[in-house]
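Input: a single structure, listed below in structure tokens.
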Amino acid sequence: GNPIKDDGEATKLASPLAMGSGQVDPNRALDPGLIYDATPQDYVNLLCSMNITKRQMLTITKSSKYHCLNASPDLNYPSFIAFYDNKTKIRVKTFHRTVTNVGPEGVATTYKASVITPMASRVMVNPQVLVFKNQYEKQNYTLTIKYGRNHKGKVLFGSLVWEEVDGKRSVRSPIVLSPKMDSSFDLFAS
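Quick note: to get this note's numbering, add 250 to the position in the sequence shown (first position is 1).
Have a look at this one:
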């Protein structure tokens, strides 16, 4: 098919920030192969890592039952973003992810990692092959990105694709290197 165009500029190709992981293909969505699970507590752990107040947490979650014992900015989400600024020399960021095989029951499935690396960086995936023996089996992997500073304020893109060996499924996740926002910007300003 043709590349996805940016809605705002019909002649410009859409970036991962504009299109997410891609447009939904209903037939493929019914048989995705791999999924990334995240519980409400996982999202709370992400919010806790942002140092929000109890009042802000209550406003977002509408519940006081959540706790911040495992604060983590590393949400099990099918995308990766690393930030840089002019002070960043060499930085290494590691992401931990868990995928669940939702392929056919009783069929062993193998996926191999394929990476398109953002400019001026190195990306390592470990392990590079995931072998699932059962439906609903979970496998963990890490993606580590090594990158430097000042890409002239540009947002840089790449991707990780888990491709089913001898199969039809592929699961794509964007990799983004982005300059940090101005620290005076407050996400939760009233």
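Cβ atoms here follow ideal geometry from the backbone N, Cα and C, with glycine treated the same way.
Please go through the same chain and pick out, in chain order, the residues whose beta-carbon is closer than 8 Å to the beta-carbon of residue i, but skip the five residues on each side of it.
{"i": "residue 325", "result": "288, 292, 293, 295, 296"}
{"i": "residue 386", "result": "350, 351, 352"}
Quick check: what's the CA-CA separation for residue i versus residue j?
{"i": "residue 374", "j": "residue 407", "result": "15 Å"}
{"i": "residue 309", "j": "residue 330", "result": "27 Å"}
{"i": "residue 278", "j": "residue 419", "result": "8 Å"}
{"i": "residue 283", "j": "residue 421", "result": "8 Å"}
{"i": "residue 360", "j": "residue 346", "result": "19 Å"}
{"i": "residue 342", "j": "residue 290", "result": "28 Å"}
{"i": "residue 307", "j": "residue 348", "result": "26 Å"}
{"i": "residue 354", "j": "residue 304", "result": "43 Å"}
{"i": "residue 286", "j": "residue 311", "result": "21 Å"}
{"i": "residue 334", "j": "residue 398", "result": "8 Å"}
{"i": "residue 388", "j": "residue 332", "result": "25 Å"}
{"i": "residue 394", "j": "residue 377", "result": "11 Å"}
{"i": "residue 298", "j": "residue 322", "result": "7 Å"}
{"i": "residue 425", "j": "residue 405", "result": "10 Å"}
What residues in its chain sit with their C-beta under 6 Å from that of residue i, if we drop five residues either side in the sequence?
{"i": "residue 372", "result": "396"}
{"i": "residue 472", "result": "An answer regarding residue 472 cannot be provided, because it is not within the stretch 251 to 440 covered by the chain."}
{"i": "residue 423", "result": "328, 329, 410"}
{"i": "residue 320", "result": "295"}
{"i": "residue 362", "result": "379, 413, 415"}
{"i": "residue 316", "result": "294"}
For residue i, count neighbouring C-beta atoms within 10 Å of its own C-beta (all shown protein chains included) and say buried if the count is 16 or more, exposed if not.
{"i": "residue 340", "result": "exposed"}
{"i": "residue 276", "result": "exposed"}
{"i": "residue 415", "result": "exposed"}
{"i": "residue 366", "result": "exposed"}
{"i": "residue 381", "result": "exposed"}
{"i": "residue 427", "result": "buried"}
{"i": "residue 263", "result": "exposed"}
{"i": "residue 280", "result": "exposed"}
Please name the residue or residues paired with residue i in a DSSP beta bridge.
{"i": "residue 346", "result": "392"}
{"i": "residue 425", "result": "330, 408"}
{"i": "residue 397", "result": "341, 371"}
Write down the C-beta distance between residue i and residue j rounded to the nearest angstrom, noting that I regard them as a contact closer than 8 Å.
{"i": "residue 403", "j": "residue 429", "result": "5 Å"}
In chain order, what residues of the same chain lie with their CB nearer than 7 Å to the CB of residue i, ignoring the 5 residues before and after it?
{"i": "residue 314", "result": "308"}
{"i": "residue 300", "result": "none"}
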